[in-house]
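Residue 1 is where the sequence shown starts when you use full-length UniProt numbering, and the numbers rise one by one after that. C-beta: ideal position from N, C-alpha, C; glycine also.
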Amino acid sequence: MSPSLYYAFDPLHRLNPREVHQLYKLRVDVFVHEQQCPYAEIDDTDALDSTMHVQTYTIADKELIACARIYPENGRYHLGRVVVRKNHRGQGLGKELMHQTLRYAFEQHPDWDVYLEAQVAQEKFYGDFGFVRCGHNFDWDGVEHIPMLLKSADLVKSFRNTVE
């Protein structure tokens with residue numbers, strides 16, 4: 001993790017108005033504008049007390065440059081809205097964000113699987129963390145996605161060395 005960055009883990013109600021604005025703006029900038037996909041980016045899941053927003057900020061100017069959300073769903077975690085600001089890509093931030101988010105899942109419920117619906121173009125990225133395809137491709141507002149799952153046993157293997 002870069003010393004010029006910090007990670008925050010908060011439900012929406014603990015974020016101040018500026019932080020909420022940055023969170024939604026980053027997601028809309030990427031998922032709606034950059035990817036030209038007009039869908040309802042902001043949903044009720046964001047506001048659930050059980051939804052954790054994982055945020056990456058620069059220390060110098062407290063700019064949100066990456067985020068993800070993770071929440072319990074049917075006895076497992078649902079991970080999504082993983083995004084890195086365009087001018088910060090290619091620096092390993094996505095990998096570190098995923099590591100931090102999966103570490104959170106491991107620390108909270110190491111016995112839970114982690115599920116996500118990845119854009120097809122990101123299958124290898126998530127596969128590198130141990131996620132495997134668990135269903136058929138589907139269209140989500142004009143963008144092809146695939147369901148993927150990280151089994152709890154594989155999550156535990158990933159973090160076993162960090163707790164021993």
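- Your pair A118 and L97 does not check out as a contact, with CB atoms roughly 14 Å apart and the cut at 8 Å.
- Taking the Cα positions, G130 is about 8 Å away from L155.
- Secondary structure of L93 (DSSP, three-state): helix.
- Contact check for A66 against L48 fails: the beta carbons are separated by 7 Å or more.
- Separation of the CB atoms of R76 and Y104 is rounded to 14 Å, and the pair is thereby denied contact status at 8 Å.
- CA-CA distance, V32 to S152, rounds to 32 Å.
- Looking at the DSSP output, C67 shares a beta bridge with Q55 and V83.
- Each of K86, T101, L5 and N16 was checked against the Cα of Q35, and the nearest Cα belongs to K86.
- Excluding sequence positions up to five before and after P11, its CB lies within less than 8 Å of the CB of L48, D49, S50, T51, M52 and H53, all in the same chain and listed in chain order.
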